[in-house]
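So for the sequence shown, our numbering puts the first residue at 504; every next one is plus one. Cβ coordinates follow ideal geometry from the N, Cα and C atoms, glycine included. Note that the coordinates shown come from a computational prediction; the quantities given were computed from them, not determined experimentally. Working notes for the structure below.
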Amino acid sequence: MTTFDDMLEEVGTFGRCQKRIFAMLCLVSLPFSGALINVVFQGFTPEHWCRIPAVTEMRQACGWSLADTHRLTVPLVNSSGELLHSTCEQYDLDWNATGLTCDTQKVNLNGSGLTPCKDAWQYNYEGRQSIVTEFDLVCADAWVVDMYQATLNMGFLVGGITTGYLADRYGRKMVFLISNVFNGIAGILVAVSPNYICLLVFRTISGFGVKGGWIVTYVLLTEIVGTDYRRTVGILYQMGFSVGNLLLPLLAYYISDWRWLNVAITAPYFLFLSYYWFVPESPRWLFFQKRSAEAVKITEAMAKENKKKLSAKIETLTDDDADSPTASFKDLIRTPNMRKHTLILMFCWFTSAVVYQGLIMRVGIVADGNVYIDFLISGLVEFPAAFLIIFTIERIGRRLPFATANIVAGASCIITAFIPDSILWLKTAVACIGRLGITMAFEMVVFVNIELYPTSVRNLGVSVCSTMCDVGGIVSPFMLYRLSAVWLELPLIIFGTVALIAGGLVLFLPETRGLPLPETIDDIEFPGRKEDVLKNQRLKNLLQSDRSNDGKESTGV
504 MTTFDDMLEE
514 VGTFGRCQKR
524 IFAMLCLVSL
534 PFSGALINVV
544 FQGFTPEHWC
554 RIPAVTEMRQ
564 ACGWSLADTH
574 RLTVPLVNSS
584 GELLHSTCEQ
594 YDLDWNATGL
604 TCDTQKVNLN
614 GSGLTPCKDA
624 WQYNYEGRQS
634 IVTEFDLVCA
644 DAWVVDMYQA
654 TLNMGFLVGG
664 ITTGYLADRY
674 GRKMVFLISN
684 VFNGIAGILV
694 AVSPNYICLL
704 VFRTISGFGV
714 KGGWIVTYVL
724 LTEIVGTDYR
734 RTVGILYQMG
744 FSVGNLLLPL
754 LAYYISDWRW
764 LNVAITAPYF
774 LFLSYYWFVP
784 ESPRWLFFQK
794 RSAEAVKITE
804 AMAKENKKKL
814 SAKIETLTDD
824 DADSPTASFK
834 DLIRTPNMRK
844 HTLILMFCWF
854 TSAVVYQGLI
864 MRVGIVADGN
874 VYIDFLISGL
884 VEFPAAFLII
894 FTIERIGRRL
904 PFATANIVAG
914 ASCIITAFIP
924 DSILWLKTAV
934 ACIGRLGITM
944 AFEMVVFVNI
954 ELYPTSVRNL
964 GVSVCSTMCD
974 VGGIVSPFML
984 YRLSAVWLEL
994 PLIIFGTVAL
1004 IAGGLVLFLP
1014 ETRGLPLPET
1024 IDDIEFPGRK
1034 EDVLKNQRLK
1044 NLLQSDRSND
1054 GKESTGV
């Protein structure tokens, strides 16, 4: 019997057809970046203070400076032994009874008590509109901004599992197209949300489609290329996300209104609907579904585009997994090695999401003067990650680079927390090293996860473990924004600690470099058994080859 991987050798493992599809589908990663981390710009919290209508009217009538207005509306409060302008309190005065005149010095504020802002807030945002400035999400309501990111990850959590199931049942291409319709509509609804409750609902729906569509694209790409190209294609596909990180600050700089920025991020999903005519269904999936006629037609079209010709082997094509038993969650934890792999990988997924998203969102609260440039610079450091992975995984292996990436990320976070702000260049450099490390870890956890599960439960294992990525995404904004209010560097200590733990745990995973993908749970539990079988098979083939050569020599051939 012939398998689809055998047919790919005839079709071309990474020919012109696969390169064209790869180039088109890599574009799907660009808006995914915008959907995931646009909270840095859409949830931007500018300098703010209590807005007092009477003072605002007098400022306009008298032409007061910002300093005059601050004197009347922004009291100084003691914060950790330092006097700072309050962002959430105002003087407890009846401004209509103070006899306020254009001479601000006549208003005596000494001895006046303080009270929380009563009306609204004034923002110093120079024309930038964010969800914070529009819905007054500051002070007591500041935690609500965290929900903007958390609800997206809630949608990721449900959407990733649901879309994966639908893609296995109804096809990769159909679910990809439906997810793009879903993403486009949900993105527009986010942009026209009349209130914050609607915004969170539509944001959750958007997350449901965005994550699922991205995963389906990843699966489709890896199913149409040869085994030798799957890891490289997967890593480069994820690099599209890093390219999106560079485009996002440029978009946000020129589109200052958060609603129009969301429209710009959403627009590509409507463009991707045109892929209906250019991207085929996965022939591998079609063969698995016993839809051989459609699969053969697509495979022949791929071969034609690659300038290849198929042999008669395609008539005997079968799928190795067609008769495999139904995967069960119990299979992931029933045996010792499977249980160890599952628990460690779940923690690694969680760590990658918490630290990666946390470091990205942190740029928005520590950017010194220009959040766009700071975000752009931090995004540039992600690009070496992919090249370091490609360079090391086949030379050194998976385990050591994976563990090192987490350990470097963790150590960098902790060191950054204790570098004084006066040495800003060093603080920035070490933080960038941490961003590079966690990017490597995030990109490696995907294919390490694939290599550590047998064929019978591989899809289920990746789906279950990656749900912790979404849990990490839900936790990350609360951890960052709430803990930074206590101490700005406290989140870095937490990020560093979990990354160091993850790096240590990775060392307990087996090395998979040079090994074939496991097919059964027994291959995981008794790895030496399969290695012995392979060695015996190689020895047997070698002996047969020697006998054949001896026979040729004895006959004078």
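Between which two residues does the alpha helix (DSSP H) carrying residue 521 extend? Start and end: 519-529.
Quick one: Cα of residue 731 to Cα of residue 933, how far? Computed Cα separation, rounded: 35 Å.
Spatially closest choice to residue 1007 from 920, 539 and 910, by CA coordinates: It is 910 whose Cα lies nearest to the Cα of residue 1007.
According to DSSP, is residue 508 part of a helix, a strand, or is it coil? In the structure shown, residue 508 sits in a helix (DSSP, three-state: H, G or I).
Excluding the 5 residues preceding and the 5 following residue 826 in the sequence, name in chain order all residues of the same chain whose CB lies nearer than 6 Å to its CB. Interpretation of residue 826 is limited by its pLDDT of 48, a score under 50 that renders its predicted location unreliable; no figure is taken from the coordinates.
Return the first residue and the last residue of the alpha helix (DSSP H) that residue 808 is part of. Secondary structure note for residue 808: its alpha helix (DSSP H) is the uninterrupted segment 795-808.
If you follow the alpha helix (DSSP H) that residue 717 is in, where does it begin and where does it stop? For residue 717, the enclosing alpha helix (DSSP H) covers residues 699-726.
Measure the C-alpha to C-alpha separation of residue 865 and residue 983 and round it to an integer number of angstroms. For residue 865 and residue 983, the distance between alpha carbons rounds to 7 Å.
Take every Cβ of the segment 731-745, pair it with every Cβ of the segment 669-686, and state whether three or more of those distances are shorter than 8 Å. No, the segment 731-745 is not in contact with the segment 669-686.
Alpha carbon of residue 880 to alpha carbon of residue 509, nearest angstrom: The straight-line gap from Cα to Cα measures roughly 44 Å.
Is the distance from the Cβ of residue 847 to the Cβ of residue 524 below 8 Å? Not closer than 8 Å, so no.
Can the beta-carbon of residue 1102 be found closer than 8 Å to that of residue 747? What the structure shows of the chain is the stretch from 504 to 1060, and residue 1102 is not part of that stretch, so it cannot be assessed.
Limits of the unbroken beta strand (DSSP E) element including residue 651: Element bounds for residue 651: not the beta strand (DSSP E) but the alpha helix (DSSP H), 646-673.
Less than 8 Å between C-beta atoms, sequence neighbours within five positions excluded: which residues of the same chain meet that for residue 643? 591 and 619.
Touch check for the segment 911-926 and the segment 962-973: three-plus C-beta pairs under 8 Å? Because the criterion of three Cβ pairs below 8 Å is not met, the segment 911-926 and the segment 962-973 do not touch.
Among 688, 1028, 765 and 917, which has the Cα closest to the Cα of residue 837? Residue 837 has its Cα closest to that of 1028, out of 688, 1028, 765 and 917.
Kindly examine the ligand GTP and report whether one of its heavy atoms sits closer than 7 Å to the Cβ of residue 547. Absence of the ligand GTP is noted for the structure shown, with no ligands found whatsoever.
Three-pair Cβ contact test at 8 Å for the segment 628-641 versus the segment 942-962: Taking 8 Å as the limit for Cβ pairs, the verdict is that the segment 942-962 does not touch the segment 628-641.
CB-CB length for residue 867 against residue 635, believed under 8 Å: About 11 Å; that fails the 8 Å criterion.
Would you tell me roughly how many angstroms separate the C-alpha atoms of residue 693 and residue 839, rounded to the nearest one? Going by the C-alpha atoms only, they are around 46 Å apart.
Report the partner residues of residue 760 according to the DSSP bridge assignment. Residue 760 is bridged by DSSP to 632.
Assign residue 779 to one of two classes, buried (16 or more other C-beta atoms within 10 Å of its C-beta) or exposed (fewer than that). So residue 779 ends up on the exposed side.
Please state whether DSSP places residue 1021 in a helix, a strand or coil. Note: residue 1021 maps to coil in three-state DSSP.
Short Cβ contact (8 Å threshold) for residue 751 with residue 540: Taking 8 Å as the Cβ cut-off, residue 751 and residue 540 qualify as a contacting pair.
Taking residue 766 as the reference, which of 519, 579 and 545 has the closest Cα? Closest by alpha carbon: 545.
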